[in-house]
Amino acid sequence: IGKEKFHKSQHWDYCNNVAMLVGIDKPGIGGEPLPGQKLKPKYSVFPQGIGSNAPAWMAFDKKVLSFHAYFEEEVPDKNQELYRIRHCKIYFYLEDDTIQVVEPEVKNSGISQGTIVRRHRIPLPPPQEDEFYRIEHFNIDTEVIFYNRKYKIIDCDQFTKHFLRKMGVRLNPPAACPDDPYTKKRQQILESMNPLRPYERIDTLRQFLEHDRHVLRFFCVWNDPESTFHEQRELVLHYYLADDTIDIKEILPVNSGRDAVPLFLRRDKLPKYAPTGLYQPGTITDHTVLNVFGKFERNKGRYILDNRKTGAVHQEFYKDSDLKIGAVINVWGRKIMLCDCDEFTKEHYRTKYGIRDFTPISYKAPPPPKPVKRFPPYTGFGSEEDSLCSCMGLLLKPPHKDVKKFMEKDRSGMESNTLRFLARLVTDSPIDQDRRFIISYFLSDDTISVFEIIQRNTGILGGKFLERGRIKKPGQEVFKSEPSEYFKAQDLFVGARVCFHGHNFLLVDGDEYTFKYMEKHVNEFSVVDVDAILKKMKVRVDPCARKIRQLFADTDPEHNKVIGYEPFSRNLLVSITEGALSEHEIITLGRYYGVKDEYETDLHFLLATAQLQLKKHSFENFQQLAAVFAYNDREKCGVLPSELCRTICKSFRLPVADDDLQVLLTTLEDDHKQVDYNKLVDGLNWRKNQIPAFQAIKPHLKNEDYWIREPPYSPVKEIKYLPLLDDLFGKEE
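If you're matching positions, the sequence shown starts at 195 in the numbering used here and goes up one per residue.
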């Protein structure tokens with residue numbers, strides 16, 4: 195038989211004059227089939243152009259046809275049954291035409307169930323065993339044979355029906371499945387059996403599975419009549435929906451004098467009392483037992499359960515339906531009133547019983563007013579904050595510092611976070627009238643330092659006038675309980691009068707960083723809020739708007755729409771506002787409406803300073819620096835952003851101070867924050883373009899400007915008065 199199958203599948207042929215075995219599918223000369231040869235169709239029944247060109251493993255991935263089937267199995271070794279009907283499912287995988295047969299598990303069947311035929315390609319029964327099952331072999335109400343076992347297909351799922359219809363298969367109607375005779379007989383026996391002993395089954399598993407960890411919580415109160423003052427004792431009642439049990443816990447107030455116990459009532463079912471009182475032990479049982487024969491033999495009786503429960507005592511327990519706000523329950527002789535519940539409890543009653551009113555019952559007395567904590571007055575030793583910390587607790591701790599403010603407002607790079615003002619003494623002494631001071635306010639810790647400018651031939655030593663520290667405002671009591679008020683940043687502005695330890699100062703000017711910082715934080719400083727200043731002016735000058743317009747027009751006889759700053763601030767604003775505006779507010783208006791005259795740092799001075807530092811460190815890699823600049827210039831326009839130029843210089847470790855490099859880049863950048871890097875490299879190249887003379891054209895500075903590293907505040911020279919009048923009175927028609 196094996197030789198016959200071998201010869202059917204293959205035969206001899208010659209290839210390049212060499213005898214070899216070839217497949218049976220090879221046709222004869224001219225493509226004609228050989229005698230007795232059956233050629234398999236090269237294509238399916240559908241035309242080649244229909245459908246997707248994707249391979250089958252991709253087009254039919256995760257697509258499986260499911261058929262419901264059964265087969266008969268003979269049982270030769272039992273008299274009770276001759277055969278069995280075993281149900282199974284046939285899965286046909288479209289991606290590779292593999293088949294799997296699985297039998298669903300049946301409880302207590304005694305048969306090993308599961309996978310009957312593992313997934314693989316199943317050959318057709320003889321005489322076509324050289325072919326495999328394909329999709330056209332499957333239909334409803336048909337039989338298939340897998341390894342000599344006949345399976346009857348009775349139905350399939352919706353996906354299979356839809357797929358077969360699309361394939362052009364005409365589906366047969368579903369077939370009926372015969373009943374298993376032995377299983378049917380066993381079912382009839384079970385239904386006809388009556389237990390000899392009545393058995394009462396108490397099933398609590400379902401309630402436990404549905405309501406496990408579901409707990410209702412009520413806030414209760416118990417008026418204890420045995421206490422001396424009939425005090426109210428607060429309780430918390432928990433009702434467990436899983437088994438209808440209740441436990442109660444007492445809430446003990448602070449310093450109540452009572453012993454703390456775990457529970458007021460341990461978890462158990464809470465009974466409702468009958469009028470007769472307590473039941474004797476053994477009266478209430480879960481089952482009623484009957485003695486059938488009595489003590490007939492050796493004092494041994496026969497007991498069975500009484501399914502009619504003759505003489506049983508039925509005891510009622512509290513359920514969730516008995517608990518609601520305002521109800522009074524009996525807890526072993528104690529009357530407890532339910533006053534409130536939590537949100538989960540409200541949702542439970544709202545869903546199950548439709549209760550909507552959950553108005554709580556007030557049972558707590560209003561708390562007594564909290565006593566005001568008073569601190570003793572300041573003794574004069576140490577700082578006020580340190581003395582106050584000694585009153586906070588037994589363990590002395592240092593005063594708390596605002597670390598967040600310190601990290602945000604500490605000096606960082608070019609941001610000094612220090613406000614500096616020029617001040618003079620308010621005094622009648624002719625010697626002290628010419629003294630000038632620099633008042634520095636440090637925003638990181640609200641401290642102030644005063645430095646006196648050194649002036650020649652005055653007979654007064656300049657330098658540090660006041661050590662850095664917090665300064666109290668004058669006119670406060672020294673020995674008091676309340677903390678003292680200190681000078682803040684809002685108290686310092688141009689034109690303000692401040693008193694530092696008995697010295698009266700008048701702030702007459704500020705540096706450029708101070709003005710910029712205050713203008714940047716308008717919400718903190720009202721003296722730089724242009725809208726607030728205009729509102730203050732409008733209250734005073736609104737009645738004489740036409741007169742003021744004419745006054746400004748007379749000041750500009752050439753009709754240039756600009757006037758000088760000094761006559762603008764002094765002669766006009768001071769006169770029309772009658773001194774209502776401070777000096778800082780006038781400067782704010784001048785800076786806002788002024789003609790911008792930017793301060794230009796001497797470029798030769800900056801380049802000479804940078805070349806001196808480069809020459810000192812023998813830096814000569816100017817060609818490589820220019821090549822890196824050109825490489826980063828993708829658009830080949832000759833300019834790069836200022837921040838990118840600074841980053842490139844830092845990557846080369848250019849031996850130039852950060853502040854000097856930043857000022858140099860700021861001077862070279864245009865209106866779009868772009869820097870001509872060729873001009874920068876040529877200016878830094880001290881080999882080819884060395885500046886011969888180290889000259890710095892110093893502009894005319896005030897006598898206080900030597901201590902600041904950035905350009906001084908340059909007063910506005912001219913003012914655009916038409917935008918000011920339009921914002922103040924509205925546009926004139």
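Cβ atoms here follow ideal geometry from the backbone N, Cα and C, with glycine treated the same way. Just so we're clear, the structure is a prediction, and the values are computed from it rather than from any experiment.
| Query | Result |
| --- | --- |
| Leaving out five residues before and five after Val716 in sequence, what residues of the same chain have Cβ atoms less than 7 Å from its Cβ? | Val722, Asp723 |
| Tell me the rounded alpha-carbon separation between Arg863 and Arg734. | The amino acid at residue 863 is misidentified as Arg; the sequence shows Glu. Taking the straight line joining both Cα atoms gives about 44 Å. |
| By the DSSP assignment, the alpha helix (DSSP H) with Phe816 in it spans what residues? | 816 to 826 |
| Are Cys533 and Ile549 close, meaning C-beta to C-beta below 7 Å? | no |
| Quick check on the DSSP output: what are the complete beta strand (DSSP E) runs of length 3 or more inside the segment 545 to 575, in order along the chain? | none |
| Suppose the cutoff is 8 Å on Cβ atoms and the five residues either side in sequence are ignored; what does the same chain contact list for Arg359 look like? | Leu365 |
| Can you tell me which of the three DSSP states Ile523 falls into? | strand |
| Does the count of Cβ pairs from the segment 255 to 267 and the segment 347 to 362 closer than 8 Å reach three? | yes |
| Going by the DSSP bridge assignment, what does Pro465 pair with across the sheet? | Phe511 |
| Is Arg664 near Asp640, with beta carbons less than 7 Å apart? | yes |
| Give every residue of the same chain whose Cβ lies closer than 8 Å to the Cβ of Pro570, excluding the five residues on either side of it in the sequence, and list them in chain order. | Cys585, Ser675 |
| Using the C-alpha atoms, what's the distance from Lys732 back to Leu139? | Nothing about residue 139 can be read from this structure; the chain reaches only from 195 to 927. |
| Report the option in Val850, Ala683, Tyr512 whose CA atom is closest to the CA atom of Lys809. | Val850 |
| Compute the Euclidean distance between the alpha carbons of Phe413 and Gln509, then round it to the nearest angstrom. | 26 Å |
| Does DSSP classify Arg664 as helix, strand or coil? | coil |
| Leaving out five residues before and five after Ala617 in sequence, what residues of the same chain have Cβ atoms less than 7 Å from its Cβ? | Phe631, Ile633, Phe699, Leu700, Leu701, Val702 |
| To which residues of the same chain is Gly788 closer than 6 Å at the C-beta, ignoring the five residues directly before and after it? | Val910, Ile913 |
| If you measure between the beta carbons of Glu579 and Tyr572, is that distance less than 7 Å? | no |
| Under DSSP, the alpha helix (DSSP H) around Lys583 begins and ends at which residues? | Looking at the sequence shown, residue 583 is not Lys but Cys. Here the alpha helix (DSSP H) through Cys583 covers 578 to 583. |
| Is it the case that the Cβ atoms of His778 and Gly689 are separated by a distance below 7 Å? | yes |
| At which residues does the beta strand (DSSP E) containing Ser260 begin and terminate? | 258 to 268 |
| Determine the DSSP secondary structure at Phe659, reduced to helix, strand or coil. | strand |
| Between Trp416 and His405, what straight-line distance do the alpha-carbon atoms span, to the nearest angstrom? | 29 Å |
| Can you give me the C-alpha to C-alpha distance between Phe645 and Cys738, rounded to a whole angstrom? | 45 Å |
| Just the Cα atoms here: how many angstroms apart are Thr612 and Arg840? | 25 Å |
| Would you kindly work out how many angstroms separate the C-alpha atoms of Val436 and His542, rounded to a whole number? | The amino acid occupying residue 436 in the given sequence is Ala; Val does not appear at that position. Whole-angstrom Cα-Cα distance: 14 Å. |
| Work out the CA separation of Leu403 and Tyr322 for me, nearest whole Å. | What sits at residue 322 in the sequence shown is Gln, not Tyr. Near 57 Å, if we compare the C-alpha coordinates of Leu403 and Gln322. |
| Starting from Arg630, follow its DSSP beta bridges and name the residues at the other end. | Arg618 |
| State the DSSP-derived secondary structure class of Pro737, mapped to helix, strand or coil. | helix |
| Can you grab the Cα-Cα spacing for the pair Gln856 / Leu637, in whole Å? | 24 Å |
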